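With the first letter of the sequence shown counted as 1, position 95 gets the number 1196 in this note's numbering; the numbers rise by one all the way through.
Idealized CB from N, CA, C, for every residue including glycine.
Values in this document were obtained by computation on a predicted structure and should not be read as measured data.
A short worksheet on the structure shown next.
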Amino acid sequence: MVLLDVSIVNVALPSIRGGLQASESELQWVVSGYALTFGLLLVPAGRIGDVRGRRTVFVAALGLFTLASLACGLAPGSLFLVLARLVQGLAGGLLTPQITALIQQLFRGRERGTAFGAFGTVVGISTAIGPLLGGSLIAAFGTESGWRWVFFINLPVGLVAMPLAWRLLPHRGEERSRHDYDPVGVGLLGAGIVVLLLPLVQAQQWQGSGKWLLVPVAVLLLAAFLGWEVRYTRRGREPLVDLALFRLRSYTFGSGLITLFFAGFTPLFFVFTLYLQIGLRYSALEAGLAITPFAIGSAAAAALGGRIVHRLGRRLVALGLLMVVVGFVGTLLAVHLVPRDGTGWATLAPLLVAGLGSGLVIAPNQTLTLSQVPVERAGTAGGLLQVGQRIGAAVGIAAVGSVFFARVASTRGDFAGAYQQGLLVATAFVVAALLLAVVDVVVDARSRARSAREAPAPSGAAEQRA
1102 MVLLDVSIVN VALPSIRGGL QASESELQWV VSGYALTFGL LLVPAGRIGD
1152 VRGRRTVFVA ALGLFTLASL ACGLAPGSLF LVLARLVQGL AGGLLTPQIT
1202 ALIQQLFRGR ERGTAFGAFG TVVGISTAIG PLLGGSLIAA FGTESGWRWV
1252 FFINLPVGLV AMPLAWRLLP HRGEERSRHD YDPVGVGLLG AGIVVLLLPL
1302 VQAQQWQGSG KWLLVPVAVL LLAAFLGWEV RYTRRGREPL VDLALFRLRS
1352 YTFGSGLITL FFAGFTPLFF VFTLYLQIGL RYSALEAGLA ITPFAIGSAA
1402 AAALGGRIVH RLGRRLVALG LLMVVVGFVG TLLAVHLVPR DGTGWATLAP
1452 LLVAGLGSGL VIAPNQTLTL SQVPVERAGT AGGLLQVGQR IGAAVGIAAV
1502 GSVFFARVAS TRGDFAGAYQ QGLLVATAFV VAALLLAVVD VVVDARSRAR
1552 SAREAPAPSG AAEQRA
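Below is the structure:
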């Protein structure tokens, strides 16, 4: 429900503009406001769940998200809708870390990989099916008020999920004896994330280069956060983020890899939808259908990846990234070689390949990244991982979007060329993630070989040599 809301709203923006007479700036805040408040709470929410109990936080956040969805659907004006979306983002940021933490808490070994595979299936379906579902709702209820049902669709899901979650999830078995929330750390990290994300999510609407002055400010805030966390730890207190997490190679490599991947993976839906709807005059429903092969491939591969990740490790993730690169390149060739009317059909196969690759990346990487994280740190670790994904997505959309719109402006409407140039930038991010995965595979192989050489010989073999 939370992940679906990220992509489903994009196709509803023209309907919102017509129904509420919203300005371009207000429409942008409908999207970017959600992203900002979502990213703001991810790490503190993980900590709250670790301390207070994940079931309680999960159900409370789910209830708040459902109420915010109702408020969005009933919005009498654009300002009310923006404010409701801000609350919805806060609820989503509070909810999401509890999911990965509960998987860490409830499952072990191969079962954990299977659980993350199921979660990856949901991620793949929700991310790519959003435009299709949104287009269907708008087609069914009309462009004037169809956007309201994009939010109302969350109500039955939330009302059913809340009592089930309260009944089925474990009750505070993971609660810690100490309640240390590190308020200064929360403030510094939250400010750093918001200041970093703000110029990225407003890249197209905030004209001029002045917005990028916020990036060094964000770096200073995040550096101050790291310094505070070190000092807080030395005082014998419990910091918001245990920096020892980054001594775990699996966590460090996995966090960097998924940030780069989301920088390349997320913009695909952004520029492809724009190309289809504006450049080729597809309807919202037709554009959603064109992206469906990616959703199908991602869902199918995520389930498989969760079952085999323990056997193949990061090599499986590297294979998935290679498939995404192949799929992206195939999509580029299809747009370049096939006439406009056949673009939707020509991109089906490469999008399916890219979707299959994505399914082998997200869930398996999450399993590997969190594999060595203690259960009592699962919420915070999962929240940090989600922050990396949000920052990666914001960077990718800003970079790819800038290239896309610059090409459209300079050529007076060459949407095909703009899509190709934008997707080249997205592909570069995925290639960078692939290189990081290959480095991890090589380092792991050398580490295993070194351990094998340094391992003491069996006693029988030692006696024979003697």
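Exercise for the section: Grab me the residues of I1226's own chain with a C-beta within less than 6 Å of its C-beta, minus the 5 sequence neighbours each way, in chain order. Expected result: The residue given as residue 1226 occupies position 125 in the sequence shown. Correct list, in chain order: A1396, A1400.
Rounded to whole angstroms, what's the CA-CA distance from T1157 to V1287? Just pull it up for me. Taking the first residue of the sequence shown as position 1, residue 1157 is located at position 56. Taking the first residue of the sequence shown as position 1, residue 1287 is located at position 186. Using only the alpha carbons, I get a separation of about 20 Å.
Practice prompt. Have a look at Q1467, V1531, G1458, S1124 and flag the residue whose alpha-carbon is nearest the alpha-carbon of I1200.
Written response: As a first step, residue 1200 is located in the sequence shown; it is residue number 99 there, counting from the start. Comparing Cα-Cα distances from I1200 to each of Q1467, V1531, G1458, S1124, the minimum goes to Q1467.
| task | Determine the extent of the alpha helix (DSSP H) in which E1339 is found, giving its start and end residues. | result | Start at 1 with the first residue of the sequence shown, and residue 1339 comes out as number 238. First-last for E1339: undefined, no H or E at that position.
Of the choices G1243, L1165, S1548, whose alpha-carbon is the least far from that of G1120? The residue labelled residue 1120 in the question sits at position 19 within the sequence shown. Among G1243, L1165, S1548, the Cα nearest to that of G1120 is on G1243.
Can you grab the Cα-Cα spacing for the pair A1219 / I1204, in whole Å? The residue you call residue 1219 lines up with position 118 of the sequence shown. The residue you call residue 1204 lines up with position 103 of the sequence shown. C-alpha separation (whole angstroms): 11 Å.
Query raised in the report: Any idea what DSSP makes of A1241, helix, strand or coil?
Result: Residue mapping note: residue 1241 aligns to position 140 of the sequence shown, counting from 1. In this structure, A1241 counts as helix in the three-state DSSP scheme.
Mind the definition here: the segment 1156-1170 touches the segment 1205-1215 only if three or more C-beta pairs lie below 8 Å; say whether that holds. no
Item to complete: Could you please give the first and the last residue of the uninterrupted alpha helix (DSSP H) stretch that includes D1442?
Response: Here residue 1442 is taken as the residue at index 341 of the sequence shown, counted from 1. Counting along the chain, D1442 falls outside any alpha helix (DSSP H), and DSSP gives it neither H nor E.
**Study point:** Simplified DSSP assignment, three categories, for I1204
**Key:** Here residue 1204 is taken as the residue at index 103 of the sequence shown, counted from 1. Helix at I1204.
Note to self: Could you compute how far the alpha carbon of Y1135 sits from the alpha carbon of L1420?
What the structure shows: Numbered from 1 along the sequence shown, position 34 holds the residue referred to as residue 1135. Numbered from 1 along the sequence shown, position 319 holds the residue referred to as residue 1420. Their Cα atoms are separated by approximately 33 Å.
**Prompt:** Which whole runs of the alpha helix (DSSP H) in the segment 1128-1197 are 4 residues long or more, in chain order?
**Reply:** 1155-1174
Taking the Cβ atom as the reference point for each residue, do F1366 and P1232 lie within a distance shorter than 8 Å? What you label residue 1366 is simply residue 265 of the sequence shown in a count that begins at 1. What you label residue 1232 is simply residue 131 of the sequence shown in a count that begins at 1. Not closer than 8 Å, so no.
Is L1535 near L1422, with beta carbons less than 8 Å apart? As a working mapping, residue 1535 is identified with position 434 in the sequence shown. As a working mapping, residue 1422 is identified with position 321 in the sequence shown. A contact, by the Cβ cut-off of 8 Å.
Beta-carbon within less than 6 Å of V1112's beta-carbon, same chain only, minus the 5 sequence neighbours each way: which residues are those?
The residue labelled residue 1112 in the question sits at position 11 within the sequence shown. Excluding residues within five positions, the ones whose Cβ falls inside 6 Å are P1232, G1235, G1236, A1385.
**contact_flag[the segment 1347-1367, the segment 1505-1513] where n(CB pairs < 8 Å) is 3 or more** = no
Q. Between S1126 and Q1487, what straight-line distance do the alpha-carbon atoms span, to the nearest angstrom?
A. The residue given as residue 1126 occupies position 25 in the sequence shown. The residue given as residue 1487 occupies position 386 in the sequence shown. Cα-Cα distance, rounded: 27 Å.
Quick one: grab the DSSP three-state call for D1545.
-> Your numbering for residue 1545 matches position 444 in the sequence shown. D1545: helix per DSSP, three-state reduction.
Item to check | Residue range of the alpha helix (DSSP H) that includes F1366 | outcome: Sequence index remark: in the sequence shown, residue 1366 carries index 265 (1-based). From DSSP, the alpha helix (DSSP H) with F1366 extends over 1350-1375.
_I'd like the list of long-range same chain contacts for G1428, defined as Cβ closer than 7 Å, with 5 residues on each side in sequence excluded._
Within the sequence shown, the letter at position 327 stands for residue 1428. So the list reads P1451, L1452, V1454, A1455, G1458, once near-sequence residues are dropped.
(message) Assuming L1270 is part of the alpha helix (DSSP H), what are its boundary residues?
(response) Counted from its first residue, the sequence shown places residue 1270 at position 169. Where L1270 is concerned, there is no enclosing alpha helix (DSSP H), given that its DSSP letter is neither H nor E.
Outcome for G1380 when other beta-carbon atoms lying within 10 angstroms are tallied against a minimum of 16: Counted from its first residue, the sequence shown places residue 1380 at position 279. The residue is buried, with at least 16 neighbouring Cβ atoms inside 10 Å.
Cβ neighbours of G1190 in the same chain (closer than 6 Å, five flanking residues each side left out): Within the sequence shown, the letter at position 89 stands for residue 1190. Excluding residues within five positions, the ones whose Cβ falls inside 6 Å are Y1135, T1138, F1139.
Cβ contact (3+ pairs, closer than 8 Å) linking the segment 1169-1181 and the segment 1247-1256 = yes
Note to self: In this structure, how does DSSP classify P1475 when only helix, strand and coil are distinguished?
What the structure shows: Position 374 of the sequence shown, counting from 1, holds the residue named residue 1475. Residue state, collapsed to three classes: coil.
Item checked: Contacting residues, own chain, Cβ-Cβ under 7 Å from V1251 (five flanking each side not counted) -> Residue numbering aside, residue 1251 sits at position 150 when the sequence shown is read from its first letter. Once the five neighbours on either side are set aside, the close Cβ partners of V1251 are I1109, V1110, A1113, G1235, L1238.
Work out the CA separation of I1230 and T1393 for me, nearest whole Å. As a working note, residue 1393 is residue 292 in the sequence shown. As a working note, residue 1230 is residue 129 in the sequence shown. Answer to the nearest angstrom: the Cα atoms are 6 Å apart.
Could you check if D1541 is buried or exposed, using at least 16 other CB atoms within 10 Å of its CB as the buried criterion? Numbered from its first residue, the sequence shown carries residue 1541 at position 440. Under this definition D1541 is a buried residue.
8 Å contact criterion, which V1504 and V1526 should meet: CB distance rounded:
The residue labelled residue 1504 in the question sits at position 403 within the sequence shown. The residue labelled residue 1526 in the question sits at position 425 within the sequence shown. Indeed, because the Cβ distance is near 5 Å, the residues count as touching under 8 Å.
Local conformation of L1461 per DSSP, three classes: Sequence index remark: in the sequence shown, residue 1461 carries index 360 (1-based). Here L1461 sits in coil by DSSP.
Test item: CB-CB of F1362 and V1543 under 8 Å = Position 261 of the sequence shown, counted from the start, is the residue given in the question as residue 1362. Position 442 of the sequence shown, counted from the start, is the residue given in the question as residue 1543. Taking 8 Å as the Cβ cut-off, F1362 and V1543 do not qualify as a contacting pair.
For G1407, I'd like the list of residues in its chain whose CB is within less than 6 Å of its CB, leaving aside the five on either flank, ordered along the chain. By one-based count along the sequence shown, residue 1407 stands at place 306. Same-chain partners within the cutoff: G1214, T1215, F1217, G1218, A1464.
- Query: Among the residues of its own chain, which have a CB less than 8 Å from the CB of S1278, if the five just before and after it don't count?
  - Reply: Here residue 1278 refers to the residue found at position 177 when the sequence shown is read from its first residue. Confidence in S1278 is poor, its pLDDT being 47 and thus under 50, which makes the residue's placement unreliable; the coordinate value appears in the next sentence. So no residue of the chain qualifies.
S1116: first and last residue of the uninterrupted alpha helix (DSSP H) it sits in
Here residue 1116 refers to the residue found at position 15 when the sequence shown is read from its first residue. Where S1116 is concerned, the enclosing alpha helix (DSSP H) stretches over 1114-1121.
With a threshold of 8 Å on Cβ separation, who are the neighbours of D1151 within its own chain once the five nearest residues in sequence on each side are excluded?
Numbered from 1 along the sequence shown, position 50 holds the residue referred to as residue 1151. Counting only Cβ-Cβ distances below 8 Å, and skipping sequence neighbours, we find A1202, E1275, R1277, E1477, R1478, A1479, G1480, T1481.
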